[in-house]
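> Per our numbering, the sequence shown starts with residue -10, numbered consecutively.
We treat Cβ as the ideally placed atom computed from N, Cα and C, and that holds for glycine.
For clarity, every value in this text was computed on a predicted model and none was experimentally measured.
Below is one structure. I have some questions about it.
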Amino acid sequence: MERRIDRIYRFVLENANVTTNDVAASLDIQRTNASKDLNLLVKEGQLNKSEGRPVRYFVSSQSAGRAVSIEEANPKKTHTTEPPEKKMLQHNAGNVFTQIIGSTGSMRNAVEQAKAAILYPPRGLNCLITGPTGSGKTFFAHAMFQFAQAEGVVEEDHDLVVFNCADYANNPELLMSHLFGYEKGAFTGADTEKEGLIQQADGGMLFLDEIHRLPPEGQEMIFYFMDHGTYSRLGESGKNRFANVRIVGATTEDPHSALLDTFVRRIPINIQMPAFSNRPAAEQIDLVRVMVAMEANRIQRKITLSEDVVKALLGSVTYGNVGQLKSNVQLICARGFMNHMTQSEIHITLNDLTEGIKSGLVQLSADRYKSTDFSSYLEPEMVVTPNEIDELIKTDTYELPYNLYDIIGDKAALLKNEGLDQDTINHFISTDINVHLKSFYKNHGFSFDTETRLTEFVDKRVIETSNKIAALVSERLETHFQQNFIYAMSLHISSFLKKINVGETRETNDNIREMAKDYPKEFSVAREIRALVEHEFQVTIPDSEEYYLTVLLVSLREDQSAGKIGIVVAAHGNSTASSMVQVVRELLDVSNIFSVDMPLDMHPRVAYEKMREAVTQVDEGSGVLIMVDMGSLATFNEEIRTDTGIEVCTLDMVTTPLLIEAARKSSVLGSGVDELYESLEGFRGYGHITREKEEPKEKQAILAICASGEGTAQRLKEIIERPLKQRNLKHIEVLTLSVADIKTKVPTFKKNYKLLATTGIMDPKVGAPYIPMEKFISQDADQILDELLLDNDLSAQEEVALDADKARKVCVDFMEESFTFINPRKLIAPLWRLAQSLIESNGEAANYALMVNFVMHMAGVIERNIRQQPLTIDLDTRAAYEALTDNIGMNRGLNELESQLRITIPTSERYYIYQLLKNNEEIKV
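What follows is the structure, encoded as structure tokens:
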């Protein structure tokens, strides 16, 4: 049989200048497979392809004659060989917006809104540009200004006046003086009068970046000016100054929560900038080409990127969006320039990428949907020539104020003259590149203010102490340490102070002790650190901590990179896991953490494959810790271990502080994944320093009841345990119980615990308050626990008033939160119909509550069916159930459900369904 790739080659040979769609349709094969084989034939040199879009493929001998004949035959369908980005970005004096990538795609609505804001008579409309960091808000504001000039709305001699409100956010008076100006003598130091930005922008446009940082009084002054066009300088009485200014604001925040409502109402147009990840694949690739083209213009050399480099760039963009992409492109181009300084062309490969950018290739590969989407547009190589872009919007906030390539060239020449070898020169220049770019982009919001972020987790005194330790270590040890030294040391100190505070001690691991002996200098410094911390916090630190401090010092050395424990974070939602991972990566500067986002409609096997692939990629030989948001995901643990041969442990209830602690400890040499798992089980967070010790508390419990004790009750347990863990209420447990075991097990529970409350499918009437399960699902569990722990009257709480729509919504919300494999939105209809057929419905809330209980239990039945983990019963119970005669109606309904869903509900599960219904009076027999 002829191979698919041979069929494709023969088809192109017989039909010149064909597209991927032509091949797929004619040969009846998938488009992705056609694209893959065509590009493989191009790589092997058997085919050529055009540079325009749509891409056309042809055999070398056909390119001249056949291409011309097609164009002659179809003069209206000529195909340009110019890259689409060049066409898109060619200067158009009449409409600067055509230069923007996506102006007819994802940016189309933004462009139309901007035009309306500029051209609306008589003086245009004020507008607000919203979007995440680096999405291009400042760039777009400059485009709006140039459009206004091109349309004659703003005179050519005017400049866009830009003001960042964050610069003076903590000094409202100084901020106002910059905006509106001040009179001589208005305040100490005001020796002369000064005009404000409003006056400078008269007749033009004022761009207020980070407008959410304006204090309320500043917002009031601005919206007064918007309404009346008048203002006063600081120190003036009366608003007797006039100005005609178009105001454009920009913010990363939600305007309705960050700005006064009275202010927002005066801005009629809100322009939303899309995140980089939300742009179509073609636009993302175009943006990469544009950024590379700007660097090619700067150094006047052709730049070639391999396909893997482009993928790595695309996958490396996270929180920073287009701005981060530009930073990464500048970094790899600078490194490529350094490595090919004497050559006329720059070929950038994976070797030119930093580890951080290189990890983007793995991130992209882990997302099969994105990879497939990009494969239609990616070429084996991206070739960019100088002057490919005739003219871009000239003012770009994120443009470097110097020529980085001149710096590289000059420094290389200087070092070479001093006799340094090439490897040493490259090392010095690499450091320079990173310093220049990081320092510049930090000022533009593309690095977290990590020390500020650190104060969210760690006491400020600990950070100050870590700075002292950094100075001490720098003086004592002649070695370089990683940039995250302050952060790692702060978290370590905070963690062991908390252990000391609650009376915990830890034995020194033999591996840790043996390793510390090999580093006597670090061990000596660790003793000094211990003494310093004891003095600063007036605590006694056990000797064993010196060994851990020694290992931390060794682990944080700059040349330490291998053997870390890998971490994979998997969580439900479109960006839950990746958001947490991004925070920790930036805070600790680590690369051994991968994220797996799992949208609620993701198929369970896809979720498993993504997790398995992430585990394989992140493993460095020391095992992998999987951190999940729900215990149900822990079921993948054994399967991943079997499939990959990698030692894995799974920890649930992942939070950002817990992930920070895991990342910190995973980098410490001498610890294994089991030890890491055990150390995190008792993690209590990075609390503020306190010396009070809590007295032992009476054991208390909340009882969760369902038909089996393993389905809905287990889900309720997870919901209630989250706020309990966050509050560190270890003396309160959540116990699960089957309705069949109430009489036998409740007396034992009462003997061992104080029962605070019960919840679930029924009130067991055990002398404790009963909280209907729908309250925990549809209301705030935190609030319910507050009322419970304060001994408040729970009956005074607002009842959950259920009707059919609300009851169905409660079910869907619970299923989405609690189950991994089922699709709640598709399953709710058949389950609700079954509930209606088995439960008498008179429109009362109590009946809806029973229907909710039944639907939730059935969702658990189906989830267990998919997992092939049904509930079990003993032989006597099974025989007694099979002898019953009052379950005919129930079995009929279950049989119909089996046919609809193509599943089998075993006798053991039917027994528990029967128990659930039998304990209520509304059952239809």
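With a Cβ-Cβ cutoff of 9 Å, do MET215 and VAL281 count as a contact?
no
> Mind checking ALA14: buried by the 16 CB within 10 Å criterion, or exposed?
exposed
> Could you have a look at PRO761 and say whether DSSP puts it in helix, strand or coil?
It is a strand residue.
> Report, in whole angstroms, the separation of the C-beta atoms of VAL462 and VAL514, which I expect to be a contact under 8 Å.
6 Å
> Please state the DSSP three-state secondary structure of SER752.
It is worth fixing the name first, because residue 752 is Asp in this sequence and not Ser. Residue state, collapsed to three classes: coil.
> DSSP state of ALA82, grouped into three classes?
Because ALA82 sits at a pLDDT of 41, beneath the cut-off of 50, its placement in the model cannot be relied upon, and the point is left open.
> Skipping 5 residues on each side, what residues in its chain have a beta carbon closer than 6 Å to that of LYS300?
LEU350, LEU353
> So, with DSSP's three-state summary, where would you put GLU370?
Under the three-state reduction of DSSP output, GLU370 falls in the strand class.
> Report the residue ranges of all beta strand (DSSP E) runs contained in full by the region 201 to 245; include only those spanning at least 3 residues, in chain order.
235 to 240
> Pair every Cβ in the region 664 to 673 with every Cβ in the region 580 to 596, then say whether three or more of these pairs are closer than 8 Å.
no
> Which ranges would you report for the alpha helix (DSSP H) in the region 122 to 148 if only whole runs of at least 4 residues count?
126 to 139
> Count the other CB atoms, across all protein chains shown, that sit within 10 Å of the CB of GLU871; report buried if there are 16 or more and exposed otherwise.
exposed
> Cα separation between ARG278 and LYS104?
27 Å
> Have a look at THR454 and ARG519 and give me their C-alpha separation to the nearest angstrom.
11 Å
> By DSSP, does MET600 sit in helix, in strand, or in coil?
helix
> List the DSSP bridge partners of ILE(-3).
DSSP output for ILE(-3) lists no bridge partner at all.
> Quick one: Cα of VAL253 to Cα of HIS245, how far?
7 Å
> For GLY634, name the three-state secondary structure that DSSP assigns.
The answer is coil: DSSP assigns GLY634 none of H, G, I, E or B.
> Under 6 Å Cβ to Cβ from ALA746, same chain only, skipping five residues before and after it: list those, please.
ILE691, ALA757, PRO758, ILE760, LEU777
> The beta strand (DSSP E) with THR119 in it runs from where to where?
Under the DSSP assignment, THR119 falls in the beta strand (DSSP E) whose first and last residues are 116 to 119.
> Throw me the rounded Cβ distance for the GLU636 and VAL604 pair, which I believe falls under 8 Å.
The Cβ separation is near 10 Å, so there is no contact.
> What residue range does the alpha helix (DSSP H) around PHE810 cover?
Careful: PHE810 lies outside any alpha helix (DSSP H) and carries neither H nor E.
> Determine the closest residue to ALA23 out of VAL100, TYR366, PHE169, GLY218, with distance taken between C-alpha atoms.
TYR366
> Counting only the same chain and skipping the five closest in sequence on each side, list residues whose C-beta sits under 7 Å from that of ASP297.
LEU339, LEU350
> Once you ignore the five residues that flank LYS32 on each side, which residues in its own chain have a CB closer than 8 Å to its CB?
PRO369
> Taking the Cβ atom as the reference point for each residue, do GLU707 and MET619 lie within a distance shorter than 9 Å?
yes
> Tell me, please, whether the region 230 to 240 touches the region 86 to 97 by the rule of three or more beta-carbon pairs shorter than 8 Å.
no
> Are the region 251 to 270 and the region 303 to 310 in contact at 8 Å, needing three or more beta carbon pairs?
yes
> Let me know the alpha helix (DSSP H) ranges lying completely inside the region 877 to 902, each 4 residues or longer, listed in chain order.
Runs found: 877 to 890.
> For MET96, name the three-state secondary structure that DSSP assigns.
coil
> Got a sec? Which residues, its chain only, sit under 8 Å from LEU342 by beta carbon, not counting five neighbours each side?
VAL298, ALA301, ILE321, ARG324
> Starting from HIS524, trace the alpha helix (DSSP H) both ways and give me its first and last residue.
509 to 526
> Spatial neighbours of PRO819 within its chain, please: CB distance less than 8 Å, with the 5 preceding and 5 following residues excluded, ordered by chain position.
Closer than 8 Å at the Cβ level, and outside the excluded window around PRO819, lie LEU886, GLN889, LEU890.
> My understanding is that ILE556 touches LEU647, with C-beta atoms under 8 Å, so please give their C-beta distance in whole angstroms.
With 8 Å as the limit, ILE556 and LEU647 do not qualify as a contact, their Cβ atoms being about 11 Å apart.
> Within 10 angstroms of the Cβ of LEU108, are there 16 or more other Cβ atoms? Answer buried if so, exposed if not.
exposed
> For ASN392, name the three-state secondary structure that DSSP assigns.
Low confidence applies here, because ASN392 scores a pLDDT of 49, under 50, leaving its location unreliable; read the following figure in that light. Correct three-state label for ASN392: coil.
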